[in-house]
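S.K.:
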Amino acid sequence: MVAVKIKSMFDFIDIFGHHEVPLQVKKNTSIKEFIGMLLKKYGDKLKEKMIDPITGDVFEHLEILQNGRNIKFLQGHNTTLNEGDDVTIFVPIGGG
Amino acid sequence: MSYMGKILRINLTTKEATVEPLKEEDAKNFMGGAGLAMKLYYDEKIKPGIDPYDEQNKVILTTGFTGGTSCPTNSRIACVTKSPLTNGVTFSNVGGFFPDEFKKTGFDGMIFEGKSEKPVYVYVKDDKVSFKDASGIWGLNTFDAQHYIKEELKDQSVRPFVIGPAGENLVRYAAVIAEKRAAGRKGVGAVMGSKNLKGLVVKGTQKPKIHDEKGFQEAVKKVLKAMQESPTLYPKFGNFGTAGNVENCISKGQMPGPNFCDVPAGEEYLPIGAQENIKLRARRYGCYLCPIRCGQVRVVKSGKWKGWSSEGPEFETLFSYGSQVGVKDPGFIIAADRVSDELGLDTVSAGVVIGYAMELYEKGILSKEELDGYDLKFGNDDAAFELLYKIAYREGVGDLMAEGVKKMAEKIGKDSGYYAMHVKGLEPPGYDPRTCKSMGLTYMTVYTGAEHSRGYPPQEIFGAHHKVPWEVDPYSWDRKAELTIYNQDIGGACKDCAMLCTFMYRNALIPVNKHLKLTAELWKTATGFDVTEEDVAQVGERYNNLAHALLLKEGFTRKDDYLPERLMKEVIKEGPGKGQVMDKENCDKLLDEFYKLRGWDKEGVPTREKLDELGMDYVANFLGLPDYDFYTQ
Chain A
1 MVAVKIKSMF DFIDIFGHHE VPLQVKKNTS IKEFIGMLLK KYGDKLKEKM IDPITGDVFE
61 HLEILQNGRN IKFLQGHNTT LNEGDDVTIF VPIGGG
Chain B
97 MSYMGKILRI NLTTKEATVE PLKEEDAKNF MGGAGLAMKL YYDEKIKPGI DPYDEQNKVI
157 LTTGFTGGTS CPTNSRIACV TKSPLTNGVT FSNVGGFFPD EFKKTGFDGM IFEGKSEKPV
217 YVYVKDDKVS FKDASGIWGL NTFDAQHYIK EELKDQSVRP FVIGPAGENL VRYAAVIAEK
277 RAAGRKGVGA VMGSKNLKGL VVKGTQKPKI HDEKGFQEAV KKVLKAMQES PTLYPKFGNF
337 GTAGNVENCI SKGQMPGPNF CDVPAGEEYL PIGAQENIKL RARRYGCYLC PIRCGQVRVV
397 KSGKWKGWSS EGPEFETLFS YGSQVGVKDP GFIIAADRVS DELGLDTVSA GVVIGYAMEL
457 YEKGILSKEE LDGYDLKFGN DDAAFELLYK IAYREGVGDL MAEGVKKMAE KIGKDSGYYA
517 MHVKGLEPPG YDPRTCKSMG LTYMTVYTGA EHSRGYPPQE IFGAHHKVPW EVDPYSWDRK
577 AELTIYNQDI GGACKDCAML CTFMYRNALI PVNKHLKLTA ELWKTATGFD VTEEDVAQVG
637 ERYNNLAHAL LLKEGFTRKD DYLPERLMKE VIKEGPGKGQ VMDKENCDKL LDEFYKLRGW
697 DKEGVPTREK LDELGMDYVA NFLGLPDYDF YTQ
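In the order they appear, the protein sequences are chains A and B. In this text, residue positions in the first sequence follow the numbering used here: the first is 1, and each later residue adds one. In this text, residue positions in the second sequence follow the numbering used here: the first is 97, and each later residue adds one.
(1) For B:V316, count the other beta carbons within 10 Å of its own beta carbon; 16 or more makes it buried, fewer makes it exposed. Which is it?
(2) Within its chain, find whatever has a CB closer than 6 Å to the CB of B:K620; leave out the 5 residues flanking it on each side and keep chain order.
(3) Under 9 Å, CB to CB, which of the residues in the stretch 51–64 of chain A have a partner in chain B?
(4) Kindly indicate the opening and closing residues of the beta strand (DSSP E) around B:M664.
(5) So A:T88 contacts chain B; which residues on that side make the cut at Cβ distance below 7 Å?
(6) Per DSSP, which one or two residues make a beta bridge with A:E63?
(7) Enumerate in chain order the residues of its own chain whose CB-to-CB distance from A:D52 is below 8 Å, with the five nearest sequence positions on each side excluded.
(8) Does A:M9 come within less than 8 Å of chain B when only Cβ atoms are used?
(9) Just checking my contact of B:Q152 with A:M9 at CB under 8 Å: how many whole Å lie between their CB atoms?
(10) Note down, in chain order, each residue of its chain lying with its Cβ closer than 7 Å to the Cβ of A:S97, except the 5 sequence neighbours on either side.
(11) Using a 10 Å radius around the Cβ and a threshold of 16 neighbouring Cβ atoms, would you call B:V267 buried or exposed?
(12) Could you check where the alpha helix (DSSP H) with B:C683 kicks off and where it finishes?
(13) Going by other Cβ atoms of all chains shown within 10 Å of its Cβ, with 16 needed for buried, is A:T55 buried or exposed?
(14) When burial is assigned at 16 or more other CB atoms within 10 Å of the CB, is B:L707 buried or exposed?
(15) Compare the C-alpha of B:P117 against each of B:K102, B:K459, B:F599 and name the closest.
(16) To the nearest whole angstrom, what separates the beta carbons of B:T615 and B:A589, a pair I think is in contact under 8 Å?
(17) For A:D85 and B:E556, I'd like the C-alpha separation in whole angstroms.
(18) Tell me the start and end of each unbroken alpha helix (DSSP H) in the stretch 700–724 of chain B that is at least 4 residues and wholly inside, in chain order.
(19) Could you give the DSSP three-state label for B:Y99: helix, strand or coil?
(20) Looking at the strands, I want to know which residues DSSP matches up with B:L296.
(21) Does any residue of chain B have a CB that is nearer than 8 Å to the CB of A:V91?
(22) In whole angstroms, what is the alpha-carbon distance linking B:M97 and B:E617?
(23) Between which two residues does the alpha helix (DSSP H) harbouring B:P426 extend?
(24) Got a sec: which bits of the stretch 534–559 of chain B sit with their beta carbon under 7 Å from any beta carbon on chain A, in order along the chain?
(25) Go ahead and label B:Y253 buried or exposed: buried means 16 or more other beta carbons lie within 10 angstroms of its beta carbon, across all protein chains shown.
(26) Give the straight-line distance between the Cα atoms of B:D511 and B:G460, rounded to the nearest whole angstrom.
(27) Do B:Q676 and B:Y514 count as a contact pair if the criterion is CB distance below 8 Å?
(28) Mind pulling the chain A residues with CB within less than 7 Å of B:F599?
(29) Would you list the one or two residues that DSSP bridges to B:G734?
(30) When burial is assigned at 16 or more other CB atoms within 10 Å of the CB, is B:Q324 buried or exposed?
(31) In chain order, which alpha helix (DSSP H) runs of at least 4 residues are fully inside the stretch 588–672 of chain B?
(32) For the stretch 12–36 of chain A, which residues have a beta carbon sitting closer than 9 Å to at least one beta carbon of chain B?
(33) Beta strand (DSSP E) containing B:G391: first to last residue?
(34) How is B:I523 classed by DSSP in three states: helix, strand or coil?
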């Protein structure tokens, strides 16, 4: 098992309870498996925020970062988790 | 058509006002807002090389074709002048309620020229123009000046647009304030101050005539529908405001650390983000005809800044009075934001200037004595707060700091230039370009200097749902020149010339690729011009080429299109962007590609062929470009 952290923002904090939540996962768990695990643990509240009911996939407007890098530019949902990794989940909002 | 068809020329020297027709070809070629103001500025034939404070400089204000209509987020105004920070033509804009009232006076634009002998404010009520003695409000802060103007005119419904002490004292980054919103950047307020112009006050009863009312309302409905369907606009963006970008940028290593050092702002700066700021929110604010209402009125509830309130701060101010100066207390930022608005200071430049002075102090380049006795270490919020007043009144070291970092470095000498964060004299906003390369190229190439808004890459900053024109890795160099041109031209046309809100476009229209189509539809139905998406895109390109040509005539060259040396040399040491840098070699490649794709030569001079393609042979002549024979010989 390896120690990882979920980092969430805005409305996701209401679901995870804190900005930062430590979790233990099997080494080389993929993001896809990790999301499945989270959905199991946090139930419908998370599903509603994460999963597009039409496609069944993660909402397009959701940002998933591994150590600050969007998983799209890593190996997507096949990106694997290692000891000490952060996974940030949020909807990017704001402006400037 | 939805243009009013008139431009008002106001001569502050002679106290004369004259009305001129809006040229239809200017409306067709430049749409309105920034594009129209740029063309009017060009037509004024202002002598290159003049001091921005010379009375030959002019201030031009324009609205868009959507102003005064029912299109949401349309209450915006463009301000174009020669900037005292950059010595080049510049642009600033503001929302609120003032722009809508401006259009109701019956003018698409106003040109302020000359210099009043004594302080004055100009009151335009429909077509009646009065020059009012401002000696009784000269010296007042922007909030009080607005209050007493309303009292003097015995009319609480007028909309003033005023400068504060910073503008009067020619602080090079003085803002102009309408209600509590700012045309903040690049020193438009200082140019007004140099003309002894305390403000403009507007009131009107005119309404633009829509060419095809039914068609226009259909287009407006489509805009509203896209806004409603946006996954980020309601309630999220309206609820958290621009502050949400603090969390976003910190998570990706894009928020600069103190004075853009090699360690970006990390999670220690989360206390200045939206999550904490929302706890301080008293109420929300919206500009005229904006259903988003992203403005956040905040009150400090505890700590040493308890009791201060402000309409804001927006993201850029959370950066400039936060991570840029090493402060993690949102209370200070709220207080400093409030005071800056009252003094009429641009919060971005002011924060970057203070952070710069802090670094020079920590590096031993400026001594405590030279800083009026302040122990100006990063994080010293008390000193930063006092310095805002010193800058606005040009007292003590504030006189030096009122010049902006470029001129400060020239005066201080030693190694100070290395730490002076600016491009073309303009201090950068809250994005570290080393971790968002297109933003970096925008800082390098936008005519206004290091700013974000004239070529904002939402694809790099708000990644997830931005697939238009394509998805990008913010750290990558791939196709960034092409992307930057897209954002500069499309952004230039859609928001700066149509004068609609960038947040509406960025959240609702651009992600679903409806920005060009709906802008064209609105423009066509409002005016009767037979325009397409391509025409809209070309407006942006034309506007950016014209502004660039004006810079070239001022003597700007390729060497002015680079980032500060620090950002090209210092590699990011920590965080997600570890190892990232915008090194000179890659910047050169990017610039070569950018110029080439723009149809400019290797020195950044547009070719006659490109300008002809844009219908701007007059600009080719203005630049003295050789004709085609030259190339074929």
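Just so it is clear, CB atoms sit at the ideal spot from N, CA and C, and this is done for glycine as well.
M.R.: Considering the structure as presented:
(1) On the second sequence, residue 316 of chain B is found 220 positions in, with the first residue counted as 1. Classification of B:V316: buried, given that the 10 Å Cβ count is 16 or more.
(2) If you number the second sequence from 1, residue 620 of chain B lands on position 524. If we look at B:K620 and ignore the five residues flanking it on each side, its Cβ neighbours are V627.
(3) F59, E60, H61, L62, E63, I64
(4) For the purposes of this step, residue 664 of chain B is taken as residue 568 along the second sequence, with counting starting at 1. Taken as a continuous stretch (DSSP letters only), B:M664 belongs to no beta strand (DSSP E), being part of the alpha helix (DSSP H) at 661–665.
(5) Start at 1 with the first residue of the first sequence, and residue 88 of chain A comes out as number 88. Those within 7 Å of A:T88 in chain B are S347.
(6) Residue mapping note: residue 63 of chain A aligns to position 63 of the first sequence, counting from 1. Per DSSP, A:F90.
(7) The residue given as residue 52 of chain A occupies position 52 in the first sequence. So the list reads V58, F59, E60, once near-sequence residues are dropped.
(8) Indexing the first sequence from 1 puts residue 9 of chain A at position 9. Interface residue, yes.
(9) Counting from one through the second sequence, the residue named residue 152 of chain B turns up at place 56. Counting from one through the first sequence, the residue named residue 9 of chain A turns up at place 9. Not confirmed; about 50 Å, so no contact.
(10) Outside the modelled stretch of chain A, which goes from 1 to 96, sits residue 97 of chain A, for which no answer is possible.
(11) Taking the first residue of the second sequence as 1, we reach residue 267 of chain B at position 171. B:V267 is buried by the Cβ-count criterion.
(12) Taking the first residue of the second sequence as 1, we reach residue 683 of chain B at position 587. Per DSSP, B:C683 belongs to the alpha helix (DSSP H) from 680–694.
(13) Position 55 of the first sequence, counted from the first residue, corresponds to residue 55 of chain A. Its Cβ having fewer than 16 others within 10 Å, A:T55 is exposed.
(14) Here residue 707 of chain B refers to the residue found at position 611 of the second sequence. That one is buried.
(15) Taking the second sequence and counting its residues from 1, one reaches residue 117 of chain B at position 21. B:P117 has its Cα closest to that of B:K102, out of B:K102, B:K459, B:F599.
(16) Reading the second sequence from its first residue, position 519 is the one you call residue 615 of chain B. Reading the second sequence from its first residue, position 493 is the one you call residue 589 of chain B. Contact holds; Cβ gap of about 7 Å.
(17) In the first sequence, the residue the question calls residue 85 of chain A occupies position 85. In the second sequence, the residue the question calls residue 556 of chain B occupies position 460. If you take the alpha carbons of A:D85 and B:E556, they lie about 22 Å apart.
(18) 704–709, 713–718
(19) Along the second sequence, one-based indexing puts residue 99 of chain B at 3. Of the three classes helix, strand and coil, the one that applies to B:Y99 here is coil, per DSSP.
(20) The residue labelled residue 296 of chain B in the question sits at position 200 within the second sequence. Answer is B:V218, B:F257, bridged to B:L296.
(21) Walking along the first sequence from the start, residue 91 of chain A turns up at place 91. Yes - at least one Cβ of chain B is within 8 Å of the one on A:V91.
(22) Along the second sequence, one-based indexing puts residue 97 of chain B at 1. Along the second sequence, one-based indexing puts residue 617 of chain B at 521. Answer to the nearest angstrom: the Cα atoms are 14 Å apart.
(23) Locating residue 426 of chain B in the second sequence gives position 330, where the first residue counts as 1. Start and end: 426–439.
(24) H548, F558, G559
(25) Walking along the second sequence from the start, residue 253 of chain B turns up at place 157. Per the sequence presented here, residue 253 of chain B reads as Ser, with Tyr not at that position. So B:S253 counts as exposed.
(26) Counting from one through the second sequence, the residue named residue 511 of chain B turns up at place 415. Counting from one through the second sequence, the residue named residue 460 of chain B turns up at place 364. Rounded to whole angstroms, B:D511 to B:G460 spans 10 Å at the Cα level.
(27) Here residue 514 of chain B refers to the residue found at position 418 of the second sequence. Here residue 676 of chain B refers to the residue found at position 580 of the second sequence. Not in contact: B:Y514 and B:Q676 (Cβ atoms no closer than 8 Å).
(28) For the purposes of this step, residue 599 of chain B is taken as the residue at position 503 of the second sequence. In chain order: G95.
(29) Past the edges of chain B, shown from 97 to 729, lies residue 734 of chain B, and the structure says nothing about it.
(30) Stepping through the second sequence from its first residue, residue 324 of chain B is reached at position 228. B:Q324 comes out exposed.
(31) 611–623, 629–649, 661–665
(32) I13, H19, E20
(33) Mapped onto the second sequence, residue 391 of chain B falls at position 295. Unbroken beta strand (DSSP E) run through B:G391: 391–395.
(34) To locate residue 523 of chain B, count along the second sequence from 1; it is residue 427. The residue asked about is misnamed: residue 523 of chain B is Glu in this sequence, not Ile. Coil.
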